[in-house]
Every structure is written in structure tokens, then in C-alpha cells.
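For reference, the structure is listed below as C-alpha cells.
In the working numbering, the protein residues as written are 77 to 279.
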């Protein structure tokens with residue numbers, strides 16, 4: 077997946093888009109991490125509809141007042157992203173994730189799921205994450221929940237795939253009817269593969 081000035085939300089699930097904040101994952105030369113600062117994490121969270129503009133502005137103010145805490149949250153966010161990547165990448169190749177990876181993931185589950193509470197909305201109920209003691213990490217529980225929801229859905233896991241583009245490494249949830257999607261984006265890795273095939277054929 078190529079680097080650009082905008083976030084490409086092609087994973088079809090919040091957790092997949094979160095994982096895909098590293099471009100060219102499998103390249104030692106091109107690999108690029110979007111989360112180079114806490115502000116970048118907040119900015120991505122706006123584009124992913126995890127935070128509102130107003131919430132984001134408040135978090136940026138807090139982060140500037142507490143740089144050490146915001147740096148720690150950024151490290152935790154990256155740690156969560158990477159364990160999610162390793163688990164879902166293993167699933168994408170039809171293998172069972174190692175138990176040690178599940179245990180690492182469960183550290184986050186235990187931390188954030190204790191924030192769940194039931195709330196009433198007119199004629200129905202919602203299970204939501206209440207405010208964390210540390211508002212700087214407010215974007216992480218919804219992302220975790222997205223991953224948990226996918227992991228516990230047996231049939232949906234079969235739709236988790238890895239882009240076939242060379243060195244891309246992006247993951248996505250295949251929503252196509254016949255489960256035939258091969259690329260993170262047809263406009264990017266798909267076209268690159270198409271051009272390569274055309275070149276080889278002409279050659």
C-alpha cells in the first residue's frame with residue numbers, strides 16, 4: 077500500500093483500518109508508520125469516526141499538557157495494533173494464532189472491558205464503554221471492541237484476508253458476495269499487479 081496524504085479506509089472493519097496504519101508492512105525499505113505522534117493517532121481517529129472533532133480538540137489540549145502520558149498511550153496503541161495484526165494475519169492464512177498472542181490481546185480486553193456499562197436509549201439498551209480514568213486513551217476501547225466482535229464471529233473470520241500485493245501486508249474484511257477480493261484496493265495494489273501482468277505479457 078502506497079503512502080499518501082490521506083487515510084485509506086479499505087479494511088471494511090474498524091480494527092482492520094487500525095491495523096492498516098502501517099504502509100508497506102512487509103518491506104524493510106518502504107515501511108512507514110502513520111502513528112509518529114499522539115496527534116497523528118487522534119487525527120486518524122477522527123477520520124475513522126472514532127472521535128468527533130470536538131473530542132479530538134480536547135485530547136490534543138490534554139496531550140500537550142501531559143506529553144509523557146500521551147506518549148505512553150501512543151505506545152499502547154501501537155502495541156495493541158501490532159498484536160491485532162499478528163493475530164489477524166495468522167487467521168488470514170488459515171492458521172491458529174499462538175496462545176501467547178491471545179494472552180497479549182487479553183491484557184487489553186481485561187483493561188478496557190471493565191469499562192463496559194449498560195445504558196438505556198428510549199426503547200432499547202446499549203452496551204457502551206464508560207469514560208476511562210485516562211481520557212487520552214478514549215479511542216482504544218472501540219477499536220478493541222471491533223476486533224473482539226470479529227474474533228468471536230466464527231463465520232466472519234473466514235472473510236479476513238491479506239492483500240496479495242507484493243510487500244503490502246494490509247488486511248481487510250472481504251465483503252464481496254463470492255469472497256473473491258484479492259487486493260486492499262483495486263486502485264492501488266490491484267492496478268499495480270494488473271500493470272505487471274500486462275508488462276510481462278508484452279515482454
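Quick reminder that beta carbons are idealized off the backbone N, C-alpha and C, glycines included.
Since we're looking at a predicted model, the values are computed, not measured.
Output yes or no for whether 7 Å exceeds the beta carbon distance between residue 89 and residue 226.
As a working mapping, residue 89 is identified with position 13 in the chain shown. As a working mapping, residue 226 is identified with position 150 in the chain shown. Yes, Cβ-Cβ distance for residue 89 and residue 226 is below 7 Å.
What are the partner residues of residue 196, as DSSP defines its beta bridges?
Stepping through the chain shown from its first residue, residue 196 is reached at position 120. In the DSSP output, where bridge partners are listed per residue, residue 196 has 201.
Looking at C-alpha atoms only, which residue of 223, 195 and 139 is the closest neighbour of residue 156?
Stepping through the chain shown from its first residue, residue 156 is reached at position 80. When each option's Cα is compared against that of residue 156, the closest is 223.
When DSSP labels each residue in this structure, what does residue 237 get in the three-state scheme?
The count along the chain shown starts at 1 and reaches residue 237 at position 161. In this structure, residue 237 counts as strand in the three-state DSSP scheme.
Skipping 5 residues on each side, what residues in its chain have a beta carbon closer than 6 Å to that of residue 218?
To locate residue 218, count along the chain shown from 1; it is residue 142. Excluding sequence neighbours, residue 218 sits near 126.
DSSP state of residue 264 mapped onto helix, strand, coil
Locating residue 264 in the chain shown gives position 188, where the first residue counts as 1. Looking at residue 264 - three-state DSSP - the assignment turns out to be helix.
With DSSP as the reference, label residue 90 as helix, strand or coil.
Numbered from its first residue, the chain shown carries residue 90 at position 14. Residue 90 falls in the helix class under three-state DSSP.
Residue span of the alpha helix (DSSP H) that contains residue 181, given as start and end:
To locate residue 181, count along the chain shown from 1; it is residue 105. It spans 175–189 - the alpha helix (DSSP H) in which residue 181 sits, taken as one unbroken run.
If you run the structure through DSSP and keep just helix, strand and coil, what is residue 164?
What you label residue 164 is simply residue 88 of the chain shown in a count that begins at 1. Assigned with DSSP and collapsed to three states, residue 164 falls in helix.
Can you look up residue 114 in the DSSP assignment and give me helix, strand or coil?
Here residue 114 refers to the residue found at position 38 when the chain shown is read from its first residue. Three-state result, residue 114: helix.
Have a look at 84, 214, 252 and 200 and flag the residue whose alpha-carbon is nearest the alpha-carbon of residue 128.
The residue you call residue 128 lines up with position 52 of the chain shown. Comparing Cα positions, the closest option is 214.
Which value, in whole angstroms, describes the spacing of the CA atoms of residue 96 and residue 83?
Along the chain shown, read from residue 1 onward, the residue named residue 96 stands at position 20. Along the chain shown, read from residue 1 onward, the residue named residue 83 stands at position 7. Their backbone Cα atoms lie some 9 Å apart in a straight line.
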